[in-house]
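Participant:
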Amino acid sequence: MTNSSNQVYPVIWHNDSVSLIDQTRLPNEYAFVEIHRSEDMARAIKTMIVRGAPAIGVAAAYGMYLGAREIKTSDRHDFLENLDKVAQLLRSTRPTAVNLFWAIGRMMKTAYETLGTVEQIKQTLFQTAQNINTEDLQTCQAIGDHGLAALPTTPQKLTILTHCNAGALATAGYGTALGVVRSAWREGRLERVFADETRPRLQGAKLTAWECVQEGIPVTVITDNMAAHCMKQGLIHAVVVGADRIAANGDTANKIGTYSVAIAATAHNIPFFVAAPLSTIDFELPDGSQIPIEERNPEEIYQIGDTILTPSNVDFYNPAFDVTPAELITAIVTENGAFAPSALVQSQVKQMA
Ligand code: MRU
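-12 is the number of the first residue of the sequence shown in my numbering; add one for each residue after it.
#1: Less than 8 Å between the CB atoms is what I'm expecting for Phe260 and Thr317, so what's the real figure, rounded?
#2: Could you name the residues of the same chain whose beta carbon sits closer than 7 Å to that of Ile58, not counting the 5 residues immediately before and after it, in chain order?
#3: Rounded C-beta distance between Ala240 and Arg232? I'm assuming under 8 Å.
#4: At a cut-off of 6 Å, is Lys242 close to the ligand MRU when judged by its beta-carbon and the heavy atoms of the ligand?
#5: So, with DSSP's three-state summary, where would you put Asp65?
#6: Over the uninterrupted alpha helix (DSSP H) stretch that includes Phe303, give me the two end residues.
#7: Tell me which residues share the same chain as Asp238 and place their Cβ nearer than 6 Å to its Cβ, disregarding the 5 neighbours each side in the sequence.
#8: In whole angstroms, give me the CA-to-CA distance for Thr141 and Pro279.
#9: If you count every other CB in all the chains shown that lies within 10 Å of the CB of Asn15, and 16 or more means buried, which is it?
#10: Sort out for me which residues DSSP pairs Ala325 with in a bridge.
#11: Using a Cβ-based criterion (distance less than 6 Å to any ligand heavy atom), does Arg78 qualify as near the ligand MRU?
#12: Can you determine whether any heavy atom of the ligand MRU sits closer than 6 Å to the C-beta of Gly229, and answer yes or no?
#13: Closest to Val331 by CA distance: which of Phe308, Glu271, Ile291 is it?
#14: Is there at least one non-hydrogen atom of the ligand MRU closer than 6 Å to the beta-carbon of Gln190?
#15: What's the C-alpha gap between Asn(-10) and Gly160?
#16: Per DSSP, Lys242 is paired with what?
#17: So the alpha helix (DSSP H) Phe113 belongs to, where does it begin and stop?
#18: Look up Gln143 in the DSSP assignment and say whether it is helix, strand or coil.
#19: Does the ligand MRU have a heavy atom nearer than 6 Å to the CB of Cys151?
#20: Going by alpha carbons, who is nearest to Asn86 out of Val45, Thr80, Gln114?
#21: I need the boundaries of the beta strand (DSSP E) containing Ile(-1), first residue and last residue.
#22: Looking at the structure shown, is Val(-5) part of a helix, part of a strand, or coil, going by DSSP?
#23: Count the other CB atoms, across all protein chains shown, that sit within 10 Å of the CB of Glu79; report buried if there are 16 or more and exposed otherwise.
#24: Which residues in the same chain as Gly131 place their Cβ atom closer than 6 Å to its Cβ, once the five residues preceding and following it in sequence are excluded?
#25: Report yes if the C-beta distance between Thr207 and Phe181 is below 7 Å; otherwise report no.
#26: Between Ala157 and the ligand MRU, is the CB less than 6 Å from at least one heavy atom?
#27: For Ser334, which of helix, strand or coil comes out of DSSP?
#28: Helix, strand or coil: which one does DSSP assign to Ala98?
Here it is, written out as structure tokens:
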């Protein structure tokens, strides 16, 4: 939903259900899907009606509440057992974005720690889902401002390249990478955005470009294979991307193609920033080699609309994410400031997560 200032809120509680912007229909259609049941929320996450790590976390938190509401028993033990099944269903939707598991974990912990009747647990779960939503919005605004402070000081007006969509649509609102862009635009420090189209799902061409247009931010869409050329021509001053999961050493999983952008940025001496909330850092994983990488349907590669792009009888490989090694990352921008990847394990950052 948008309000009068054109802000985009992809997941909101409305009329006793969850209203999701249907991101599969943008930019041609701005439509909503009403979600009443946890099963429908699981499907919406899987089919990418809602997508982007923090937005998936918010949606899953509401999915947990919807699931809790469906459980009819008043026995605490039975209730928690059934709630665990809802958690399992939601966890099975997408494997890479850790915010999904973080939000479900927070909802389960809330359920276990709330004393009182099953009705009281349900009410606390609702409040926790609302909190996760509002906290993420504040977090993104803080990331935007910390990212702005970390950007190169020259030239005065920067051209920032981003990959995929880490905008308001991918969060509770405002965005992580696009949050930095928004803050830079507000302060007169942004010339324009270069948006990688982001094959195969085209989140850059469809969603990032749409968000920029909503706010009047100048945007140039390029195909993914043009990024290095644009860097070589001196068109790009900084790269800012989001993240789906960051390991303790700073290795970062993000949308497929991010790794090649980071290699190109390093080769051209262009700073490469990852903007993400602390809830995207998985301190359980020492490095990126253990991050589960989602593989999606090959149809995403060989078909656009009704058009088949390839001959029959060829094989496909469709990993949805890649891992950028920490050494290619200038800084990780969180709600508590920008950190060198090697500083993440310092207890200070860890305690804040
Ligand atoms: O497959 P998607 O569209 O959910 O992937 C989204 C991304 O990779 C984003 O860059 C990431 O989740 C960060 S969103 C703030």
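We put the beta carbon where it would ideally sit given N, CA and C, even for glycine.
Facilitator: So, to answer that:
#1: Sequence index remark: in the sequence shown, residue 260 carries index 273 (1-based). Sequence index remark: in the sequence shown, residue 317 carries index 330 (1-based). That pair is a contact at about 6 Å.
#2: Within the sequence shown, residue 58 is the residue found at index 71, counting from 1. Cβ within range, chain order: Phe66, Asn69, Leu70.
#3: On the sequence shown, position 253 is the one that residue 240 refers to. On the sequence shown, position 245 is the one that residue 232 refers to. Confirmed, Cβ separation roughly 5 Å.
#4: By one-based count along the sequence shown, residue 242 stands at place 255. The answer is yes for Lys242.
#5: Here residue 65 corresponds to residue number 78 of the sequence shown, with the count starting at 1. It is helical.
#6: The count along the sequence shown starts at 1 and reaches residue 303 at position 316. Per DSSP, Phe303 lies in no alpha helix (DSSP H) segment and is marked neither H nor E.
#7: If you number the sequence shown from 1, residue 238 lands on position 251. Only Asp274, Gly275, Val310, Pro312, Ala313 meet the Cβ criterion.
#8: By one-based count along the sequence shown, residue 141 stands at place 154. By one-based count along the sequence shown, residue 279 stands at place 292. Using only the alpha carbons, I get a separation of about 38 Å.
#9: Here residue 15 is taken as the residue at index 28 of the sequence shown, counted from 1. With fewer than 16 other Cβ atoms within 10 Å, it is exposed.
#10: For the purposes of this step, residue 325 is taken as the residue at position 338 of the sequence shown. Bridge partners of Ala325: Val320.
#11: As a working note, residue 78 is residue 91 in the sequence shown. Result no, Cβ not under 6 Å from the ligand MRU.
#12: Here the question's residue 229 lines up with position 242 in the sequence shown. Answer for Gly229: yes, Cβ within range of the ligand MRU.
#13: On the sequence shown, position 344 is the one that residue 331 refers to. The sequence given here has Leu at residue 331, not Val. Measuring from the Cα of Leu331, the nearest candidate turns out to be Glu271.
#14: One-based indexing of the sequence shown puts residue 190 at position 203. For Gln190, the shortest C-beta to heavy atom distance toward the ligand MRU is below 6 Å.
#15: As a position in the sequence shown, residue -10 is number 3, starting the count at 1. As a position in the sequence shown, residue 160 is number 173, starting the count at 1. Since pLDDT at Asn(-10) reaches only 48, below the 50 mark, its modelled position is unreliable, and no value is offered.
#16: In the sequence shown, residue 242 corresponds to position 255, counting from 1. Answer is Phe308.
#17: Walking along the sequence shown from the start, residue 113 turns up at place 126. It spans 105 to 137 - the alpha helix (DSSP H) in which Phe113 sits, taken as one unbroken run.
#18: Locating residue 143 in the sequence shown gives position 156, counting from the first residue. Gln143: coil per DSSP, three-state reduction.
#19: If you number the sequence shown from 1, residue 151 lands on position 164. Yes; taking the cut-off as 6 Å, the Cβ of Cys151 has a heavy atom of the ligand MRU nearer than that.
#20: The residue given as residue 86 occupies position 99 in the sequence shown. It is Val45 whose Cα lies nearest to the Cα of Asn86.
#21: Along the sequence shown, read from residue 1 onward, the residue named residue -1 stands at position 12. Run containing Ile(-1): -2 to 1, per the beta strand (DSSP E) assignment.
#22: The sequence position of residue -5 within the sequence shown is 8, counting from 1. Correct three-state label for Val(-5): strand.
#23: For the purposes of this step, residue 79 is taken as residue 92 along the sequence shown, with counting starting at 1. Reading the sequence as shown, one finds Ser at residue 79 and not Glu. If you draw a 10 Å sphere on the C-beta of Ser79, you find fewer than 16 other C-beta atoms in it, and that means exposed.
#24: Indexing the sequence shown from 1 puts residue 131 at position 144. So the qualifying residues of the chain are Gly166, Val167, Arg169, Ser170.
#25: Taking the first residue of the sequence shown as position 1, residue 207 is located at position 220. Taking the first residue of the sequence shown as position 1, residue 181 is located at position 194. Contact: yes.
#26: As a working mapping, residue 157 is identified with position 170 in the sequence shown. At least one heavy atom of the ligand MRU is nearer than 6 Å to the Cβ of Ala157, so yes.
#27: Start at 1 with the first residue of the sequence shown, and residue 334 comes out as number 347. Low confidence applies to Ser334: its pLDDT is 49, below 50, so where it sits in the model is not reliable, and the reading given next is rough at best. Three-state DSSP puts Ser334 in a helix.
#28: Position 111 of the sequence shown, counting from 1, holds the residue named residue 98. Here Ala98 sits in helix by DSSP.
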